[in-house]
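What follows is a single structure, written as structure tokens, with notes after it.
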Amino acid sequence: MPIYFMSLCACRGPSFVNGVGALEKKGSDTLMKSEGGEVWKDKWCEDNPLPLNDWEVDTMERFLLRIQEKRVCRDVENRVLWIKLKSIRELESTVAELEESNCKLVTLKAERDAAKGAFFPILSLGSKNVAGDKARDKQKDLHDMEATLKELLDQSSSRLLELKALYEERIGILKQLSNLQNTLKNVKCISSSSAYVLVTDQLEKSKAEVVHYQALFEKLQVEKDNLVWREKEVNMKNDFVDVFRRSSVVTDSRLSELRIEIQNQINERNLIEIKLEEASREPGRKEIIAEFKALLSSFPDNMGTMQNQLRKYKEAASDVHSLRADVQSLSSVLERKEKSWKLYPLDLLTGC
Numbered sequence: 073m074p075i076y077f078m079s080l081c082a083c084r085g086p087s088f089v090n091g092v093g094a095l096e097k098k099g100s101d102t103l104m105k106s107e108g109g110e111v112w113k114d115k116w117c118e119d120n121p122l123p124l125n126d127w128e129v130d131t132m133e134r135f136l137l138r139i140q141e142k143r144v145c146r147d148v149e150n151r152v153l154w155i156k157l158k159s160i161r162e163l164e165s166t167v168a169e170l171e172e173s174n175c176k177l178v179t180l181k182a183e184r185d186a187a188k189g190a191f192f193p194i195l196s197l198g199s200k201n202v203a204g205d206k207a208r209d210k211q212k213d214l215h216d217m218e219a220t221l222k223e224l225l226d227q228s229s230s231r232l233l234e235l236k237a238l239y240e241e242r243i244g245i246l247k248q249l250s251n252l253q254n255t256l257k258n259v260k261c262i263s264s265s266s267a268y269v270l271v272t273d274q275l276e277k278s279k280a281e282v283v284h285y286q287a288l289f290e291k292l293q294v295e296k297d298n299l300v301w302r303e304k305e306v307n308m309k310n311d312f313v314d315v316f317r318r319s320s321v322v323t324d325s326r327l328s329e330l331r332i333e334i335q336n337q338i339n340e341r342n343l344i345e346i347k348l349e350e351a352s353r354e355p356g357r358k359e360i361i362a363e364f365k366a367l368l369s370s371f372p373d374n375m376g377t378m379q380n381q382l383r384k385y386k387e388a389a390s391d392v393h394s395l396r397a398d399v400q401s402l403s404s405v406l407e408r409k410e411k412s413w414k415l416y417p418l419d420l421l422t423g424c
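In this text, residue positions in the sequence shown follow the numbering used here: the first is 73, and each later residue adds one.
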């Protein structure tokens, strides 16, 4: 296990030189600390744990998950080990039977040697034949037993090799089991340490903050879309205001022209009236006076049409003024939104 990962346990004691709590202190550091040195300054301790990054937290989670899987598979391994031990016991019983048969074979060989070395002084012909048949039968039995013994010895040697391999495998499994137990103890120490608890608390707080900031970001995104839409509306209204402003300028110029024209018409009318008065005093100009009167009677109609146009231009000017007031109110609202938008930190928008 890496030292930085073992250091999460933060176990105390000078004996932990290379392992759990190795970053906390060493034997030489303990001696210097007893002499009044500043050895533990800016080092790992349980009261001031070092912060963990995301990679270390992920590594810890993967390691704990792997230990949990090994713990689940431990029962299966124990069952396999029990089956192998059972086969080992069967092999031991087979070896015991082979040793017993070997002892019997040794006894038979001794009897055969004793039969070959025995001396019989008085033997008849019939007894010689019977003894020869018995010797041949015993010789045949001995050959069969030797072949059987050889076969059994071969089987026992192969079984012994298998037994040796199973024993070595059993030793390896026991070593793995001890390593898993030690690892489980270390994991328990890690999970019960204050650093691990602090890391889990910080992780939960970080998740809650991420959810909060994500909701805030979505809210700000909606407000941003609304502001963009309102900005587009304001731009459209500004365009309309520009159009109305231009039309108001044209209307004002047209009004001034109409006023000048009306004033000219009034002056011309006054002049015509003066001429009519002068002409009425002169004899023989009644026809001219009638024409002038007809011309003067047409002036009120022209004046009415001009006044109607002037009234329309005034209404357009009042609409332009109302649109200007709307634009000013919308611009003030937009400025307030921009100020409130600037109050939010930019890392909330970019960091999420």
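Don't be surprised by glycine CBs; every beta carbon is placed ideally from N, CA and C.
Rounded to the nearest whole angstrom, the C-alpha separation of residue 253 and residue 171 is 40 Å. With respect to residue 177, residue 249 sits apart: the two C-beta atoms are not nearer than 7 Å.
Rounded to whole angstroms, the gap between the alpha carbons of residue 380 and residue 408 is 43 Å. Here residue 262 is buried: its Cβ has 16 or more other Cβ atoms, across all protein chains shown, within 10 Å. Residue 173 and residue 165 have their C-alpha atoms spaced approximately 12 Å apart. Annotated as distal: residue 399 and residue 315, with beta-carbon spacing of 7 Å or more. Between the beta-carbon of residue 167 and that of residue 275 there is about 59 Å, and that puts the pair past the 8 Å contact cut. Under the three-pair Cβ rule at 8 Å, the region 329-346 does not count as touching the region 296-313. Assigned with DSSP and collapsed to three states, residue 265 falls in coil, not helix or strand. When 239, 328, 268 and 126 are compared, the shortest CA-CA separation from residue 157 is found for 239.
Around the beta carbon of residue 294, a 10 Å sphere encloses fewer than 16 other beta carbons of the protein chains shown; the residue is thus reported as exposed. Under the Cβ criterion (8 Å, minimum of three pairs), the region 362-380 does not count as touching the region 280-296.
The C-alpha of residue 227 lies about 12 Å from the C-alpha of residue 235. Nearest to residue 392 by C-alpha distance, out of 325, 318 and 375, is 318. Within its own chain, the residues whose Cβ lies closer than 7 Å to the Cβ of residue 136, once the five positions on either side in sequence are excluded, are 259, listed in chain order.
Separation of residue 160 and residue 280 (C-alpha to C-alpha, rounded to the nearest whole angstrom) is 58 Å.
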